[in-house]
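These protein sequence lines map, in sequence, to chains A and B. For the first sequence, the working numbering begins at 632 and goes up steadily by one. For the second sequence, the working numbering begins at 2 and goes up steadily by one. We treat Cβ as the ideally placed atom computed from N, Cα and C, and that holds for glycine. No experiment lies behind these values; they were computed from the predicted model shown. The structure under discussion appears below in the form of structure tokens.
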Amino acid sequence: MKSLEYRQEVLKKILLRKYHEKEKLELGDRWQANVMRRVRNLGPFQPKPDPLMQFGQFVWRLTPVTCLLIIMAAAVLLKFDFTPDYNVLISFITDAEEISLAQLLPL
Amino acid sequence: MHNDTPKPSDADIVRQVVGGNVNAFEILLKRHQALVLRIVNRHLPIHEVEETIQDVFVRAYRSLPTFKGTGDFSHWLASIAVRTCYDYWRKAYRAREIPLSELTDRHRQWLENVMSEQSQNLSAPKGYRSEAGEVLDWALARLTAEDRMVLELVYFKGLSVKEAAKLLGWSVANVKIRSFRARKKLEKTLKNMISKQGRGGIHEIS
């Protein structure tokens, strides 16, 4: 009777040979047609987007928000009358020598 | 008539497919079908080969944009094929679709023949060829999906640890440790089988 190790080695070699003897499978052409059908269903790849185009899209997406902010800012300016400030600015520009900071600011 | 037009390289065809020419993928399919068939047929049961080979190519198509074109396309595709086989085993083991049935009298008879003094020619005794495959499947079913794949690649196919690591997408250290442990597990299973068979109790092997 051979030793356990020897018998194990023989069995390993036989199983290994069996693994390599696995019968070769012949497939028809149907599977190729199936692959191409599945691939066509997935569709072509989308071309890589241009970064400049992406930036443009991003900017246009912000347009409504920007318009809304402009309208709100205009409303705020109309509500708080800015005419006095405008007058002060005019007098400051035209009569710069006489006007001082103390006159401008209620100190 | 001899056609001198050079064949487009794999990288060129990949560029065409990624550029939107889906039909060009058929060229890659026909060029590399033998390689993928060989890998899938080697690792999976025969009845799963046709469906899995389709999955490999569809998976490859989806991953085409990640192919950098610097390496060999066939290596890249082989890696996808091996990982698809690994995924198959992972699902099969998780779903417990691997038959863990005990060996039968037929297998016991086969093993007795193998272990007898006369059958040392390292081939399965005549009339018992299917039993050898069944015993092999039985032994491999006792491993995990990871152990099975690594064992098949490193010990059965004879790939280097580095090659197996690249195909599986694992670290070299992981493959080294797993292959060592998997081999020990398989050896233990075979040892148990032989010793139980020697005592006439092969049915007791779990």
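Span separating the alpha-carbon of residue i from that of residue j
i, j, result
"B:Y87", "B:L152", "12 Å"
"A:W662", "A:R668", "10 Å"
"A:V696", "B:I81", "47 Å"
"B:V173", "B:K185", "18 Å"
"B:L160", "B:Q17", "33 Å"
"A:A705", "A:L699", "10 Å"
"B:V15", "B:K192", "49 Å"
"B:S41", "B:H108", "This sequence places Val at residue 41 of chain B; Ser is not what is there. Those two C-alpha atoms are separated by around 27 Å."
"A:M684", "A:P678", "13 Å"
"A:R692", "B:P7", "48 Å"
"B:K163", "B:I178", "12 Å"
"B:L169", "B:L29", "22 Å"
"A:L720", "A:I702", "25 Å"
"B:I47", "B:L38", "11 Å"
Residue i: contacting residues in chain A (beta-carbon distance under 9 Å)
i, result
"B:E113", "Under the 9 Å cutoff, chain A gives no residues; its nearest Cβ is about 11 Å from B:E113."
Under 9 Å by beta carbon: chain B residues contacting residue i
i, result
"A:P682", "Here the premise fails: no neighbours, minimum Cβ distance about 17 Å."
8 Å Cβ cut-off: residues of chain A touching residue i
i, result
"B:F58", "V666, V670"
"B:G21", "P675, F676, P678"
"B:Q55", "W662, N665, V666, R669"
Amino acids of chain B, ordered along the chain, whose beta-carbon sits closer than 7 Å to that of residue i
i, result
"A:Q685", "None at all; the shortest Cβ gap to chain B is about 17 Å."
Beta carbon of residue i nearer than 9 Å to that of residue j
i, j, result
"B:F58", "B:A12", "no"
"B:L141", "B:R149", "yes"
"A:V670", "B:Y62", "yes"
"B:A166", "B:N175", "yes"
"B:V19", "A:F676", "yes"
"B:L104", "B:R143", "no"
"B:Q110", "B:E135", "no"
"A:G674", "B:V23", "yes"
"B:A146", "B:A93", "yes"
Span of the alpha helix (DSSP H) around residue i
i, result
"A:Q663", "661 to 673"
"B:K51", "Here residue 51 of chain B is Glu; the residue named in the question, Lys, does not match the sequence. 47 to 64 is the extent of the alpha helix (DSSP H) around B:E51."
"B:N24", "Premise fails: B:N24 is in no alpha helix (DSSP H) and is neither H nor E."
"B:E147", "146 to 152"
"A:G687", "682 to 710"
"B:Y156", "That residue, B:Y156, is in no alpha helix (DSSP H); it is neither H nor E in DSSP."
Partner residues on chain A for residue i, Cβ-Cβ distance less than 7 Å
i, result
"B:M150", "Chain A residues near B:M150: none, gap ~13 Å exceeds 7 Å."
query: Do the segment 40 to 57 of chain B and the segment 648 to 657 of chain A make contact, defined as three or more Cβ pairs closer than 8 Å?
result: A contact is defined here as three or more CB-CB pairs under 8 Å, and the segment 40 to 57 of chain B meets this definition with respect to the segment 648 to 657 of chain A.
query: How about the segment 642 to 654 of chain A and the segment 28 to 39 of chain B: do they share at least three Cβ pairs that are nearer than 8 Å?
result: No: fewer than three Cβ pairs fall under 8 Å.
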